[in-house]
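These protein sequence lines are chains A and B, in that order.
Going by our numbering, the first residue of the first sequence is number 1, and it counts up by one from there.
Going by our numbering, the first residue of the second sequence is number 333, and it counts up by one from there.
Here a beta-carbon is modelled for each residue, glycine too, at the ideal position from N, C-alpha and C.
This structure is a prediction, so every number in the text was calculated from the model and none was measured.
The structure under discussion appears below in the form of structure tokens.
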Amino acid sequence: MSRLIEFKNYSMGFRDEDGRVHNLLDNICFSIEEGTAVGIVGESGCGKSMTSLSIMGLLPPSVVIQGGEILYKGTDLLKKSKTEMQEIRGKEIAMIFQEPMTALNPVHTIGFQIGEALKIHFPDTSKEDIQKAVIKQLELVGIPNPEARAMQYPHQFSGGMRQRAMIAMALICQPKLLIADEATTALDVTIQAQVLDLMKRLKESGSLMVVTHNLGVVAELCDEVVVMYAGRVVERGSLEAILDHPLHPYTKGLMAAIPTMTSGDEELYTIPGSVPNIENFEKGCRFSPRCEYCLDKCKDDVPPTKQVDDRHYVQCWLTFDGEGADYDNNNS
Amino acid sequence: MTTTILEAKKLTKYFDLGAGLFRPSKYVHAVEDVSFELYQSETLGIVGESGSGKSTLARLILGLIESSSGNVIYKGKDITGWKRASIHQVPREIQMVFQDPYASLNPRIKIGDAIAEPITAHKVIKGHKAVRLEVERLLELVGLQPEMYERYPHEFSGGQRQRVGIARALALRPKVLICDEAVSALDVSVQAQVLNLFNQLKKQLNLTYIFIGHDLSVVKYISNRIMVMYLGEIMELASTKELFEKRLHPYTQALISAVPEVTTKPSKKRIILEGDIPSPVNPPTGCRFCTRCFKAQDICRKQHPELKQVMPGHYVRCHFGMDEEGRGK
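Take a look at the structure:
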């Protein structure tokens, strides 16, 4: 297996009106192997969407990149020019957004919008071939009567169908990596089940990065999980490691706070306080004000990322079984 | 013995889409023939997908919109719609917590004043000082500091704003609280705090809840009984335990099986429904669910099933949901 995407100590922040830069993503390290599905989990404001937009090179103008690399097949995406990124975007790496209504253009037919990527990335393709590819793709994502549907406009599609059309659009150039940013969040459960089923089938054809706050969706689709909190990767590992043996106090708390189908009516575990705002992140561990195991040094020093098992990493000052040498030194 | 505090009797709401020049008048069948009883001190969960009429039902109960037909009985009194005579008496005891804590607070009004507004409007407590004391008591009740009276909504996080929304709903000392997707907009870690708060308040103030949500695991956690709605109709109504164990209606089965679970165990066979929820303008004839049902027979497309009591307290609207044998695997 080779690495498709690798984040190496990537940091970025936002410049405010006064010119000060507030750091959001801090020393992000994780990788996506070819043919695997990785889930990025976290609450609002934890930087999960910024992580996916960083790969796509679609960051808002107020963003300042503060260091590190994002390697795609060994080359740094951050060093690529605008035109080089245009080559990659849509062809090699594609993205599905949360809100299919705003992501689709209401004045073009669905078929035109799906075929557009093909027209741009493979200009030699004939009109007939594009048409054929579009219909095949619509069929693949389970849209009945694809010939007629390709001629229709977004408003004639229902929510679930629009999301399928978005997936078809993302997949038409057969990208190596598909990023799904909260792709099922706006959908009803029964429609979500349809889309998850579809995405599970697509996993065979490439890598998948699922950005979500729903741990259930991650459990359904992913092989590996990256847990983010306030711009840092607090824990990452295989799905089994994260769901069955979570180590970081935040991951543990998050899992305990979710009512599941099997939980009884005892009081839910709660993490006190709420997610911090970018302007008041702690100097040390960003979770420390809400952590029940908080030590003195947690407040002042950034915790090290420790390897506790093969491919299981935790960023915390606490001691864990099987912990090895520091994987990387965040203080450097 | 359980006493009924609120009762809906054949509540129906059609929204008129208006007639065109060449087309007859069309109606959105938002809520149709919904009857249920709400017992004192229980939490009744209402689940369903978007367009199933959950929110319309809540607004009908509160009298925020006029019903096309049917009645709402509160403590034996008919409070249907805009009956001016009773509006100052009854709706005070039924309050609502809304979904979006960002949209339901005026950004230019201090949160203390926002909570005080219903108190002064209904003249529950008179005198400036007394009102302020009451607001501070309410703030403490929902887990906020009384000093927060002077702050504006933008200074609060989502979870805190939802607490303000709850405090405001509690200001008139209601007996029944309708929570319409009250935790849906919150982060997971904050959602647990608010759910616990709801349970605490229920015990402390002897409240009765109608809890509307689309997240089945949340509704299951908080509710004693659950009502499953689809296209404006009740599909199944039973105690939480029974609903999840028996799952008599095919729609309930599909809904429960569609929830992705946080587990590494191999997932159970999932029922995946075809297509989307049909338009409530032209609901399917026969059973409303027949277009997506995996068990649909001819009779389902022709004959509209009635809501039947199959076991004590367990109601199902299905031609085949009558007995244990009939449900199939």
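- Secondary structure of A/Arg232 (DSSP, three-state): strand.
- A/Met85 carries a helical assignment under DSSP once its states are collapsed to helix, strand and coil.
- Within chain B, the residues Ser521 have their CB atoms less than 7 Å from the CB of A/Ile271, given in chain order.
- Contact annotation, A/Thr212 with A/Glu240: C-beta distance approximately 18 Å; criterion of less than 8 Å not satisfied.
- Sequence-distant Cβ neighbours of A/Glu147 in its own chain, meaning closer than 7 Å and more than five residues away, are Ile135.
- B/Asp348: member of the beta strand (DSSP E) spanning 336-350, first to last residue.
- The C-beta of B/Pro582 comes no closer than 7 Å to any C-beta of chain A.
- For the region 215-234 of chain A, the beta-carbon criterion of a distance under 9 Å to any beta-carbon of chain B is satisfied by Leu215, Gly216, Val217, Val218, Ala219, Glu220, Leu221.
- In the displayed model, A/Leu138 falls within a helix according to three-state DSSP.
- The C-alpha of A/Thr262 is placed about 40 Å away from the C-alpha of B/Glu479.
- Under the three-pair Cβ rule at 8 Å, the region 178-193 of chain A does not count as touching the region 125-141 of chain A.
- In this structure, the CA atom of A/Met151 is about 17 Å from the CA atom of A/Lys119.
- Here DSSP, grouped into helix, strand and coil, assigns B/Arg557 to strand.
- At a cut-off of 7 Å between beta carbons, A/Met101 makes no contact with chain B.
- Contact between A/Gln156 and A/Val234 does not hold, since the beta-carbon distance rounds to 44 Å and is not under 8 Å.
- Looking at B/Asp348, B/Tyr359, B/Asp608, B/Thr335, the one whose alpha-carbon comes closest to that of A/Arg164 is B/Asp608.
- DSSP places B/Glu364 within a strand segment (E or B) once states are collapsed to three.
- By the 16-neighbour rule on beta-carbons within 10 angstroms, B/Leu529 is buried.
- Residue pairing from DSSP leaves B/Gly459 without any beta-bridge partner.
- For B/Arg557, there are no neighbours in chain A by C-beta distance under 8 Å, as the nearest C-beta there is about 13 Å away.
- Here A/Lys299 has Gly284, Ser288 as same chain residues with Cβ atoms under 6 Å from its own Cβ, once five neighbours each way along the sequence are excluded.
- Excluding its 5 nearest sequence neighbours in each direction, A/Gln192 has C-beta neighbours in its own chain below 6 Å: Thr184, listed in chain order.
- In this structure, B/His546 keeps its C-beta atom at 7 Å or more from the C-beta atom of B/Met567.
- The Cβ atoms of A/Asp26 and A/Ser11 lie closer than 7 Å to each other.
- Against chain B, the beta carbon of A/Ser263 has neighbours under 8 Å at Ser549, Tyr553, listed in chain order.
- At a beta-carbon threshold of 8 Å, the residues of chain B lying near A/Gln192 are Ala590, Pro592, ordered along the chain.
- Listed along chain A are Thr190, each with a C-beta nearer than 7 Å to that of B/Ala586.
- Between B/Gly490 and B/Ser436, the beta carbon gap of about 12 Å keeps them out of contact (Cβ cut-off 8 Å).
- Within the region 138-226 of chain A, the runs of alpha helix (DSSP H) that reach at least 4 residues and sit entirely inside it are, in chain order, 146-150, 159-171, 189-202, 215-221.
- Contact between B/Ile443 and B/Ile451 is absent: CB atoms are separated by about 14 Å, not below the 8 Å threshold.
- When secondary structure is reduced to three states using DSSP, A/Lys306 falls in the strand class.
- Secondary structure at B/Val551: helix, using DSSP grouped into helix, strand and coil.
- Inter-residue distance for B/His361 and B/Thr344 is about 8 Å (C-alpha atoms, whole angstroms).
- Boundaries cannot be given for B/Asp432, as no beta strand (DSSP E) includes it and DSSP labels it neither H nor E.
- Look at B/Met643 here: in three-state DSSP terms it is strand.
- About 13 Å separates the beta carbon of B/Leu370 from that of B/Ile411, a gap too long to meet the 8 Å contact definition.
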